[in-house]
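Novice: What the sequence shown shows, in full-length UniProt numbering, is residues 1 to 1017, in sequence order. Glycine is no exception: its CB is placed at the ideal position from the N, C-alpha and C atoms. Predicted model, so just to flag it, every value in this text is computed and none were measured. Below is a structure I'd like to ask you about.
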Amino acid sequence: MKNMFSKGAHPSEFGHRQTTMLMLGLFLLVSQCLFAQSRIIKGTVYDEHKDALIGASVILKGTSQGTITDIDGNFSVEASDKNTVLIVSYIGYDAQEINVGSQTFVKVQLKPSSLALEEVVVVGYGSQKKSELTAAISSVKSSDFVRGNVRDAGQLLKGKIAGLSIVNSTGDPTENSSILLRGTNSLQGNNSPLVLIDGIPGDLRTVAPEDIAQIDVLKDGSSAAIYGTRATNGVILVTTRKANSDFSIDYNGYVGTEEFVKTERVLTGDEFRSLIQDGTISATDFGGNTDWLEAITRTPVNHGHNLSVKGGSEKTNYLLNVNYKKNQGIFKKSDNEALIVRLAVNHSMLNDKLRLNVSVNSNTQNYTTTGDGSSFNRGVYSAALVTNPTLPIYKQDVNKDVLSSMPEYDGPWAQPSALVAIANPLSTIETANGRHHRQRTRLNGNVTFQPIESLKFNALLSWDRYYETRGYRETFDNFNTTVAHSRDGFASRGTCETTDQLFEFTAQYSEVFGIHNISVLGGYGYQKNIWEDYWMRNWNFPTDQFGWDNIALGRGDSDIAGAAIPINSNKTSGNLISFFGRINYILAGKYLATISVRHEADSKFVGSDQVWGTFPAVSLAWRINEENFMKNIKWINSLKLRAGYGVTGIAPSNPYLATYRLGYTSNNDTFYYNGQWVNKLTPQSNPNPEFTWEKKKEFNVGLDFSILKDRISGSVDAYYRKTVDLLYNYPVPVPPNVYGTTLANVGTISNKGLEILLNGVVFNKKDFGWNTTLTYSTNKNKLDKLNNSKYQLANDYFYVGDAQAPMSGVPTHRVKVGEPIGQIWGWKVLDITEDGKWIYEDQNGNAVESKDVKIEDRKVIGNGLPKHYLGWNNDFRYKNFDLSVTMRGAFGFQNINFTRLHYENYRDQAMNNLKAGYEKVFGKAVLTDSKQFNSYYVEDGDYWKIDNIVLGYNFKKDFIKGIKGMRLYFSVQNALTITGYKGLDPEVGGSLLTPGTDDRNKYPTTRSYTFGVNLNF
């Protein structure tokens, strides 16, 4: 201390660490004085599974003094009476009265009840009782998750939250859920919600679904604004399971298999041969009869295991969760293996005033690849549809009379005619091989200091490292490499590393003054990330022996001018600094208000005059049922009206977009200088000092209710959101600009919608129970603005999407001011001529043949965004059996069926086609026209799915000695789809501006069957 305060010392020399130590010492001194004359009662509240209950109410009987449990289920209350009685309650559980006596620490285990009296949800930087919420927040407990073998944590919420769309459009075992909340908010930015795992930015695939206790979704602007620029698309808060002092071991395991939900109708070898013989098509009969889809698929075996161990003492406890999954895909060489380990340790000291939480998380993923930079080469699926079915798998089985019609090729695989630019599907898989490895490690620590009951300080520190390596090769026998490009093999290798560091400090003060209940939160956050990657490719190897492990052996395309071996590396870093605060106020238990603000700066805006952004929010609520005029209305248990307004921002995905940047356009854009070919370094952007955040302004009004002794409950929310200052690239003159386009904030998109949630306890008897939940949502969006006086496109619209070769360059969607996003744009089919030519509707409404149709005759022929979503979840209980059925649907949208567009035209006679391509269109004629993108291939996508069926049996306690609980279950995922759509699955992907795009190169969706067991020791 002498050195720190010595004469002449400048205040700046008094370091951050010394300040922290001094403040901690002062807090400890103050706390000793404050508690010298009082008695502190501490404890933990947990459920029947010994899991901590977050937000349980703990009240001193006969007073209004009390608290709620924290995220670890712990509480601390002050009392002076030795005869203190605690009343402990939690939604869905029977309340208990605890005679404390001389105890200073109590453990309370609540038992489930049939009525839900109160509920606590996790909000930004804390938790609140549901009855005290003023914003649109939805919460799902682990007991209500979608059960069975889920691909990632996102699938746990399918059909559970109104307004939250979760799509799994493929059967690829490496694919993740696509999540969209309340519509499209940006033309170029990310439209996915922010995911926080125990308060730390994360990824839903990095947390084991079995390790999650609760998921809360901040849906509107007033609830999400406290997260500022990251929260425009909503916030998903994942709370993992917590440790306690009671030792327990839980094991969950499953084994299962999968099948395709649906397959396309294609010709068999004999049917194809018959068409050749009768002259319908002109193709080669190779003498075989190959089912190409069967040749490249298998019956997969999937299994998963989750082991959780927790225990310890009242002061120090731990939880270890180990999750391992290995999923085989239906296609050969498609798989995914993942290991997720989490260790959490909690320790309390100083009479529980100081609590430490440390967590180590490790996620490892490995999978096989058959495509460069991807997982499974999805072009293999479309190749299996159209490859000549008379072609045998191996060259030795080809009819020798037609062997000469095959391309020159030294490999063992039979290949189609040189007229067909598609390789033998099985050979493509077997001659390509790669491995992808991902490793993510996160260390985080949390320190909570609570010197007095009403004051709490919290510090969170996290270090997160993601590392990825990949290698891929194609052998000499690979048809695409050797024949199509005349090369001897191909290999690529790459690495990627991301490091994120996060520090957050919050202080919260809560107090009750008579009829006034106030809580004030303030905080500071600092986040730093570093991202770097490296990759290279090479061709023409002397041997197949090394693959990507000795990539320098390749000669590249040395005989092509300027075609150097592609090598690339990048590194970027960024910082996010924020100050935030929130005030919660309750008057007389009836009138509620929440005000929050976040002020932050992002290094992505370097070069702009607007690095800092401010994002405010305010929301109000009225608990109508607490009014005197409602007291005699017994059938209404709760009724609350809410209204809120909030502003959030969207930061661009890439940094330095406001600056002048240089770069290489491509490896072949070269000039000859001093005896060698040199790549050109050219401008890549114009500086824009006006570059700023995209901002979403949202108003939400809602009603929460519970009636008939909580037998029926739910909520209704209506919202209007407008995103302004949308980013888009606008053409500018050169000179004075150095680049032909400038990224500028000009556009505006608006969304409005309605969300309804309805919960019902239909039956609740001793041996039989039935709970049901209905969700409904609708959303309408519109592009309100695209141009201004400074930045303008040639029109008030632009085209996106591509119909693919041989129609490359033909757009599939149009984005226009005054219209919704997702408009499918093309020619409208009226009929077909007797000789198989299309008849279209022109811009004047007249019928014209395809040879006379014009570009100007295109019009809106559909929209890929559903207008309505509906979910219906049912949970049944009969004695020891339980049955869960999850259903959902989407309505009012169209899909582009690319498979039909490309493979329902038998003019491609050397290939196989869908059977419908040989059938009459509209019952009149077989199509003979060229491939054209039109409304015939745009279909209604409405569907209703029975998503998940789980039947379980719960054995009685101690059925087997040493096992406290045991449950066996059987589940079917993606059980049934009711739709008029002709494609494999109406739930398709597509980018944010091209929704409803059902690509022909895909990994079809699957139906899974799973047997599982849950054990508690």
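If we call anything under 8 Å between Cβ atoms a contact, is Val88 one with Val58?
Specialist: Taking 8 Å as the Cβ cut-off, Val88 and Val58 qualify as a contacting pair.
Novice: Between the stretch 195–204 and the stretch 235–243, do at least 3 Cβ pairs fall closer than 8 Å?
Specialist: With a cut-off of 8 Å, the stretch 235–243 and the stretch 195–204 count as touching, because enough Cβ pairs lie within range.
Novice: Quick one: using the 10 Å Cβ neighbour count with 16 as the cut-off for buried, is Gly300 buried or exposed?
Specialist: Before going further, note that residue 300 is Pro rather than Gly in the sequence given. Classification of Pro300: buried, given that the 10 Å Cβ count is 16 or more.
Novice: Which residue wins for smallest C-alpha separation from Phe705, given the options Phe286, Ile636 and Gly646?
Specialist: Of Phe286, Ile636 and Gly646, the residue nearest in Cα terms is Ile636.
Novice: Indicate whether Glu698 and Gly228 have their beta-carbon atoms separated by less than 8 Å.
Specialist: In this structure, Gly228 does not lie closer than 8 Å to Glu698 by Cβ.
Novice: Using DSSP bridges, identify the partner residues of Asp516.
Specialist: Checking the sequence shown, residue 516 turns out to be His, not Asp. In the DSSP output, where bridge partners are listed per residue, His516 has Phe513 and Leu587.
Novice: Run through the stretch 879–924 for me and flag every whole alpha helix (DSSP H) of 4 or more residues, listed as ranges in chain order.
Specialist: Within the stretch 879–924, the complete alpha helix (DSSP H) runs of at least 4 residues are 898–903.
Novice: Considering only C-alpha positions, which residue in the set Val724, Tyr585 and Tyr739 is nearest to Tyr730?
Specialist: Checking every option, the nearest Cα to that of Tyr730 belongs to Tyr739.
Novice: With distance defined between alpha-carbon atoms, name the residue in Thr692, Ser653, Tyr878 and Val815 nearest to Asp767.
Specialist: With distances taken between Cα atoms, Asp767 lies closest to Tyr878.
Novice: DSSP puts Leu758 in a beta bridge; with which residues?
Specialist: In the DSSP output, where bridge partners are listed per residue, Leu758 has Gly714 and Leu774.
Novice: State buried or exposed for Gly62, treating a residue as buried only when at least 16 other CB atoms are found within 10 Å of its CB.
Specialist: The residue is exposed, with fewer than 16 neighbouring Cβ atoms inside 10 Å.
Novice: Out of Gly221, His868 and Lys242, which has the shortest C-alpha to C-alpha gap to Gln214?
Specialist: Looking at the Cα atoms, Lys242 is the closest of the given residues.
Novice: May I have the straight-line CA-CA distance separating Asp796 from Asn185, to the nearest angstrom?
Specialist: When rounded, the distance between both Cα atoms is 18 Å.
Novice: Please classify Glu294: does DSSP put it in a helix, a strand, or coil?
Specialist: In this structure, Glu294 counts as helix in the three-state DSSP scheme.
Novice: Can you list, in chain order, the residues of its chain whose CB lies under 6 Å from that of Gly1012, leaving out five sequence neighbours each side?
Specialist: Taken in chain order, the residues that qualify are Tyr254 and Tyr969.
Novice: Apart from the five residues on each side of it in sequence, which residues of its chain come closer than 8 Å, Cβ to Cβ, to Tyr1003?
Specialist: These residues qualify, in order along the chain: Thr170, Gly171, Asp172, Glu175, Gly329, Phe331, Ser334, Phe376, Arg378 and Tyr381.
Novice: Measure the beta-carbon distance from Glu694 to Leu726 and round it to whole angstroms, keeping in mind my assumption that it falls under 8 Å.
Specialist: With a Cβ gap of about 6 Å, Glu694 and Leu726 count as contacting.
Novice: Could you name the residues of the same chain whose beta carbon sits closer than 6 Å to that of Asn357, not counting the 5 residues immediately before and after it, in chain order?
Specialist: Once the five neighbours on either side are set aside, the close Cβ partners of Asn357 are Asn346 and Asn446.
Novice: Assuming Gln277 is part of the alpha helix (DSSP H), what are its boundary residues?
Specialist: Note, Gln277: alpha helix (DSSP H), Gly269 to Gln277.
Novice: Assess, as a yes-or-no matter, whether the stretch 534–550 is touched by the stretch 620–637 under the definition of 3 or more beta carbon pairs within less than 8 Å.
Specialist: Too few Cβ pairs lie closer than 8 Å, so no.
Novice: Quick one: is Ser638 buried, meaning 16 or more other Cβ sit within 10 Å of its Cβ, or exposed?
Specialist: Looking at its Cβ environment, which holds 16 or more other Cβ atoms inside 10 Å, Ser638 is buried.
Novice: Who pairs with His868 in a beta bridge, going by DSSP?
Specialist: Beta-bridge pairing links His868 to Thr778 and Phe891.
Novice: Taking Gly952 as the reference, give the member of Ala231, Asp940 and Asp882 with the closest Cα.
Specialist: The option with the nearest alpha carbon to Gly952 is Asp882.
Novice: Within this structure, are the beta carbons of Glu258 and Ser930 separated by less than 8 Å?
Specialist: Going by C-beta atoms, Glu258 is not nearer than 8 Å to Ser930.
Novice: Looking only at DSSP bridge pairs, what is Arg814 linked to?
Specialist: Looking at the DSSP assignment, Arg814 forms a beta bridge with Tyr799 and Gln823.
Novice: Taking 8 Å as the threshold, find out whether the stretch 315–330 comes into contact with the stretch 421–431 through three or more Cβ pairs.
Specialist: Touching, no, given that fewer than three Cβ pairs across the two stretches are closer than 8 Å.
Novice: Measuring CA to CA, which of Gln792, Phe247, Thr390 and Gln973 is closest to Asp51?
Specialist: With distances taken between Cα atoms, Asp51 lies closest to Phe247.
Novice: Spatial neighbours of Tyr90 within its chain, please: CB distance less than 6 Å, with the 5 preceding and 5 following residues excluded, ordered by chain position.
Specialist: For Tyr90, where only same-chain residues beyond five positions count, the Cβ hits under 6 Å are Leu53, Ala56 and Leu110.
Novice: With a CB to CB cut of under 8 Å and the five nearest residues on each side skipped, what residues in its chain are close to Leu681?
Specialist: Same-chain partners within the cutoff: Leu662, Gly663 and Tyr664.
Novice: Classify Met966 as buried or exposed, calling it buried when 16 or more other Cβ atoms lie within 10 Å of its own Cβ.
Specialist: When all chains shown are included, Met966 counts as buried.
Novice: Whole angstroms is fine: what's the gap from His437's alpha carbon to Ser578's?
Specialist: Approximately 34 Å between the Cα atoms of the pair.
Novice: Mind checking who Phe970 pairs with in its DSSP beta bridge?
Specialist: The partner list for Phe970 (beta bridge, DSSP) reads Leu951 and Phe1011.
Novice: For Gly312 and Ala344, I'd like the C-alpha separation in whole angstroms.
Specialist: Distance between the alpha carbons of Gly312 and Ala344: 12 Å.
Novice: Would you decide whether Glu841 is buried or exposed? Buried here means 16 or more other CB atoms lie within 10 Å of its CB.
Specialist: Label assigned to Glu841: buried.
Novice: So, with DSSP's three-state summary, where would you put Leu443?
Specialist: Looking at Leu443 - three-state DSSP - the assignment turns out to be strand.
Novice: On the DSSP letters alone, give me the boundaries of the alpha helix (DSSP H) that Leu385 sits inside.
Specialist: Gly379 to Val386 is the span of the alpha helix (DSSP H), which, as asked, contains Leu385.
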